[in-house]
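In my numbering, the protein residues as written are -9 to 133.
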């Protein structure tokens, strides 16, 4: 019989309710109490971290991307058939590609040519058209 590792975290199943849509899950990220960083603080101090990686696109950038897309739609600056265009080095592009696909828009992203292969594959899998710019020119080269 094997013994469980004493240092392994206890498993506590958690019921996570389904959301009505991809967008409904943006920002509704749980808080996690950080117990190991407070050992030198008074017992009354509790520190929590917001688990932004649980957003659909995997980062806090989902909040901004969704707001920008909705705001552009509301103002009439983004309408069906249009393409969303932006420069990015990563997470914002993933967020744009995620919500553009969900809302039926094409997205074109300008990003440095030294971006990781994983990031390229992720963006392409989300349907983004990628335009690579000289990494030595930084953000200015992508604009």
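Backbone N, C-alpha and C fix where the C-beta goes; we use that ideal spot for every residue, glycine too.
Taking the straight line between their C-alpha atoms, what separation do you get for residue i and residue j?
i           : j           : result
residue 106 : residue 68  : 29 Å
residue 28  : residue 40  : 16 Å
residue 87  : residue 117 : 7 Å
residue 131 : residue 104 : 13 Å
residue 26  : residue 75  : 43 Å
Could you round the C-beta distance between residue i and residue j to whole angstroms and report it? I think they count as a contact, below 8 Å.
i          : j          : result
residue 51 : residue 85 : 4 Å
residue 17 : residue 60 : In fact, because the Cβ distance is near 13 Å, the residues do not count as touching under 8 Å.
residue 2  : residue 23 : Going by Cβ atoms, the distance from residue 2 to residue 23 rounds to 13 Å, so no, they are not a contact pair.
Please name the residue in the options whose C-alpha comes closest to that of residue i.
i           : options            : result
residue 57  : 122, 128, 13 and 0 : 13
residue 101 : 8, 123 and 11      : 123
residue 113 : 44, 96 and 8       : 96
residue 20  : 38, 53 and 72      : 38
residue 71  : 77, 63 and 8       : 63
residue 108 : 42, 81 and 30      : 81
residue 115 : 129, 83 and 125    : 83
residue 94  : 129, 73 and 0      : 73
residue 9   : 111, 129 and 45    : 45
Output yes or no for whether 9 Å exceeds the beta carbon distance between residue i and residue j.
i           : j          : result
residue 119 : residue 99 : yes
residue 66  : residue 55 : no
residue 133 : residue 77 : yes
residue 11  : residue 90 : no
residue 34  : residue 43 : no
Per DSSP, what kind of secondary structure is residue i in: helix, strand or coil?
i           : result
residue 60  : helix
residue 103 : coil
residue 76  : strand
residue 120 : strand
residue 84  : helix
residue 111 : helix
residue 93  : helix
residue 33  : coil
residue 39  : strand
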